[in-house]
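To start, the structure itself, in structure tokens.
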Amino acid sequence: MNQNHHPYWQPEEIRAINESERLEEAVQISLKIIRRIPDPVAMVSGPLTTGGLGSFEANLRLFGFVILKLSAEGHYIFSQLPAEDLMVKVWRKWLEPCYCMPILEDFYRSIFESGLVKRVHFIPGWQRSFGARWEKEECHRLGIETNFLSDESVKDLAQKALLAS
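If you're matching positions, the sequence shown starts at -11 in the working numbering and goes up one per residue.
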């Protein structure tokens, strides 16, 4: 994975989150990183497992490209992408037929409720993603600013993400 989109992560933190088995550990590592990021800290939300560009891999690449673009525009973005391997592990162990809510309720809610994240940028197509819709509701509940990126603003990035498949 291109690590340019998460410059605030140190190699030992990436290693620790890759070795982690529990979302609580990932939250603690993530909050440590977020505290180092200048204010206002932002995140990116959008479809990963459902909707978007049609595959998890393409959606993951699009997230990385959007994070790079927003960072280049001067936004201070916390990239949650290094935690995605752990989230995939948690998802695979989930035996329920419904959405793997611990990812949202234990990881994302803890980060949002910390008060450290001030804005969330939503990738087009977020409306078709259960997780992104949940995150939008949490932002509303907690007073976190939301920014809905336009199709036009990510069009080239989406093409690039699809071509890299």
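The beta carbon of each residue, even a glycine, is placed where N, CA and C say it ideally should be. Being a predicted model, the structure only gives us computed values, none of them experimental.
- prompt: Start and end of the beta strand (DSSP E) containing residue 136?
  reply: Taking the sequence shown and counting its residues from 1, the one referred to as residue 136 is at position 148. Looking at the DSSP string, the run of the beta strand (DSSP E) that includes residue 136 is 133 to 136.
- prompt: Within this structure, are the beta carbons of residue 32 and residue 65 separated by less than 8 Å?
  reply: Working through the sequence shown from its first residue, we reach residue 32 at position 44. Working through the sequence shown from its first residue, we reach residue 65 at position 77. Yes; because the gap between Cβ atoms is below 8 Å, this pair is in contact.
Whole runs of the beta strand (DSSP E) within the segment 9 to 60, excluding any shorter than 3 residues: 29 to 33
- prompt: Taking residue 137 as the reference, which of 130, 131, 145 has the closest Cα?
  reply: Position 149 of the sequence shown, counted from the first residue, corresponds to residue 137. For the residues 130, 131, 145, the minimum Cα distance to residue 137 belongs to 145.
field: Closest residue to residue 105 among 72, 91, 73, 132 (Cα-Cα distance)
entry: As a working note, residue 105 is residue 117 in the sequence shown. Of the candidates 72, 91, 73, 132, the one whose C-alpha sits nearest the C-alpha of residue 105 is 132.
Proximity winner among -6, 89, 46, 12, relative to residue 147 (alpha-carbon distances): Reading the sequence shown from its first residue, position 159 is the one you call residue 147. Comparing Cα-Cα distances from residue 147 to each of -6, 89, 46, 12, the minimum goes to 46.
- prompt: Leaving out the 5 sequence neighbours to the left and right, which residues in its chain are closer than 7 Å to residue 150 when beta-carbon positions are compared?
  reply: Here residue 150 is taken as the residue at index 162 of the sequence shown, counted from 1. Around residue 150: 41, 46.
message: Within the continuous alpha helix (DSSP H) that includes residue 100, where are the two ends?
response: Your numbering for residue 100 matches position 112 in the sequence shown. Segment 97 to 101, the alpha helix (DSSP H) holding residue 100.
query: With contact counted as at least three CB pairs below 8 Å, one residue from each stretch, are the segment 78 to 96 and the segment 54 to 64 in contact?
result: no
- request: Assign residue 128 to buried or exposed, taking buried as 16 or more other Cβ atoms, counted over all protein chains shown, within 10 Å of its Cβ.
  value: The residue you call residue 128 lines up with position 140 of the sequence shown. By the neighbour-count rule (16 or more Cβ atoms within 10 Å), residue 128 is not buried but exposed.
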